[in-house]
Every structure is written in structure tokens, then in C-alpha cells.
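The structure appears below as C-alpha cells.
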Amino acid sequence: MNREEEIRLVRKAVRGNPDAYGQLIRQYQEYLYRMAFLQMKNEQDALDLVGSVILKGYQNIKDLKNPEWFKTWICLHRRVPDPLCQNRVRRTVLRRVPHRRHRESLS
Numbered sequence: 227m228n229r230e231e232e233i234r235l236v237r238k239a240v241r242g243n244p245d246a247y248g249q250l251i252r253q254y255q256e257y258l259y260r261m262a263f264l265q266m267k268n269e270q271d272a273l274d275l276v277g278s279v280i281l282k283g284y285q286n287i288k289d290l291k292n293p294e295w296f297k298t299w300i301c302l303h304r305r306v307p308d309p310l311c312q313n314r315v316r317r318t319v320l321r322r323v324p325h326r327r328h329r330e331s332l333s
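Numbering (the working numbering), first residue to last: 227 to 333.
Structure below.
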């Protein structure tokens, strides 16, 4: 997809065309997954985060002011506080960091 076609699709999506939004997501789904995996460090959690990003993006596409910035804009939705994802990150970190008593027994 060239830049002009992407901008045309973004404008359609902003006006409420779900097919245009779907085409944009197909264009960036792999990129979104890679970014989510870097953050979540787990395939299932990354897929859940991408789903959340896609939904939030669809719900808020009307707020996108500059169609040229769609990729940046959609990626920023992964930084929107999402309690589900925050809890998963916290659990993942806790699994990786040994409990204090466990660390002491290792010494």
C-alpha cells in the first residue's frame, strides 16, 4: 500500500468506514504484534494487547486529526493504561523476580 492510498483509507476510517479501518489494521498487524510482544514478552499477552489496541483504535479513530500520523497514532494506543495489560505485566515481572525469601535461600 502506498502512502497516498493509506491516507485515503485513514480518511475513510475517520469518517466511519469499518472496511477502511480493517485494511489499515491488516497493513500494520504484524508491526503492532512485534511492538506488543516487546512490551509483554509473552505471545498470548501480546495478542491480547493487540486486540485491545485495535478495538481502542476503532473506537477513537474519529479523534485522529492528521491522517499522515496513523501508524504513530495507533501505536500510541498500546500505551493507554489498560488495567488488564498492566496486571499481566505485573504478574510477568513477579514471576521473573524471585521472592525475597527465595532469594535469601539462594544465597
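Glycine is no exception: its CB is placed at the ideal position from the N, C-alpha and C atoms.
Remember, it's a predicted structure, so these values are computed and weren't measured experimentally.
Judged by beta-carbon spacing, residue 297 lies beyond the 8 Å limit of residue 259, meaning their Cβ atoms are not closer than that value. In the three-state DSSP reduction, residue 261 falls in the helix class (H, G or I). Non-local beta-carbon contacts of residue 299 in its own chain, meaning distances under 7 Å to residues more than five positions away in sequence, involve 290 in chain order. The beta carbon of residue 263 sits closer than 8 Å to those of 269, 272, all from its chain and outside the five residues before and after it, given in chain order. Straight-line spacing of the CA atoms in residue 231 and residue 302 works out to 22 Å. Secondary structure note for residue 289: it is in no alpha helix (DSSP H), with a DSSP letter that is neither H nor E.
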